[in-house]
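S.K.:
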Ligand SMILES: [Zn+2]
């Protein structure tokens, strides 16, 4: 019992070894995918309206396109510059659907336009007539509402598909 005073330093040394061991374990080269951080965009409705008044009159195709870019967030690498003008309007209607389900502050993310090389060959993405929107982080009931509302809104004009699985997203393509 007289060596009890040694207990504290021994415990301290053990704790240091434990931390060291944990750090080492974490250093193992585990292949691991680091998703790109997307800067958070806060949509300011009033600023947006001011800008709209200032810059976007008259409001042509390019104006609608800029509006879509402004009201969405685009995943890195997404190519929308040749998007069919009608898809800009359809995209904005989808934005509106997101707003009615998620609130006006919500900024939807476009995850694909004419860019990703793995869509099927005949995909409308390669004709600039399709857009993908991110829905995987929504709650199940929010996803359901977004899909249903989008389908209802775009009936006869665009096909809305809820792609499920690992690459879950909302696919919207022009009907011709
Ligand atoms: Zn798609």
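In our numbering, the protein residues as written are 1 to 176.
Where a beta carbon is used, it is the ideal one built from N, C-alpha and C, also for glycine.
Just so we're clear, the structure is a prediction, and the values are computed from it rather than from any experiment.
(1) Throw me the rounded Cβ distance for the residue 133 and residue 170 pair, which I believe falls under 8 angstroms.
(2) Can you determine whether any heavy atom of ligand 1 sits closer than 6 angstroms to the C-beta of residue 130, and answer yes or no?
(3) Exposed or buried, which one is residue 61 when buried takes at least 16 other CB atoms within 10 Å?
(4) Would you list, in sequence order, the uninterrupted alpha helix (DSSP H) runs of no fewer than 4 residues that lie entirely inside the stretch 135 to 170?
(5) Let me know the secondary structure DSSP gives residue 104 once reduced to three states.
(6) Just to confirm, are residue 139 and residue 113 a CB contact at a threshold of 7 angstroms?
(7) Closer than 6 angstroms: is that where the CB of residue 171 sits relative to any heavy atom of ligand 1?
(8) Just to confirm my understanding: we take residue 129, look at its own chain, exclude 5 residues before and 5 after, and list those with CB closer than 7 angstroms. What are they?
(9) Assuming residue 64 contacts residue 92 (C-beta within less than 8 angstroms), just tell me the rounded distance between them.
(10) What is the DSSP secondary structure of residue 22, counted as helix, strand or coil?
(11) Measuring alpha carbon to alpha carbon, tell me which of 21, 161, 143 ends up nearest residue 123.
(12) Judging by CA-CA distance, which residue of 101, 106, 82, 54 is the nearest neighbour of residue 73?
(13) Under 8 angstroms by Cβ, that's how I've got residue 71 and residue 95 pegged, so tell me the actual separation to the nearest angstrom.
(14) What does the Cβ neighbour count give for residue 98, buried or exposed, with the cut at 16 atoms within 10 Å?
(15) Rounded to a whole number of angstroms, what is the C-alpha to C-alpha distance between residue 164 and residue 144?
(16) Report all residues from its chain with a CB closer than 8 angstroms to the CB of residue 78; omit the five preceding and five following residues, and keep chain order.
(17) Which term fits residue 15, buried or exposed, when burial requires 16 or more other beta carbons within 10 angstroms of its beta carbon?
M.R.: So, from the listed chains and residues:
(1) The C-beta distance from residue 133 to residue 170 rounds to 4 angstroms, short enough to fall under 8 angstroms.
(2) For residue 130, the distance from the CB to the nearest heavy atom of ligand 1 is below 6 angstroms.
(3) Sixteen is the threshold: since fewer than 16 other Cβ atoms of the shown chains lie within 10 Å of the Cβ of residue 61, the residue is exposed.
(4) You should have 140 to 153.
(5) Coil.
(6) No, they are not a contact pair.
(7) For ligand 1, at least one heavy atom lies less than 6 angstroms from the Cβ of residue 171.
(8) In chain order, 84, 87, 173, 174 place their CB closer than 7 angstroms to the CB of residue 129, counting only its own chain and leaving out the 5 sequence neighbours on each side.
(9) Indeed they touch by this definition, with Cβ atoms about 7 angstroms apart.
(10) Secondary structure of residue 22 (DSSP, three-state): helix.
(11) For residue 123, the closest of 21, 161, 143 by C-alpha to C-alpha distance is 161.
(12) Looking at the Cα atoms, 106 is the closest of the given residues.
(13) That belief holds up - the Cβ atoms of residue 71 and residue 95 are roughly 5 angstroms apart, short of 8 angstroms.
(14) Here residue 98 is buried: its Cβ has 16 or more other Cβ atoms, across all protein chains shown, within 10 Å.
(15) Between the alpha carbons of residue 164 and residue 144 lies a gap of roughly 12 angstroms.
(16) Result list for residue 78: 110, 111, 112, 113, 115, in chain order.
(17) Exposed, since its Cβ has fewer than 16 Cβ neighbours within 10 Å.
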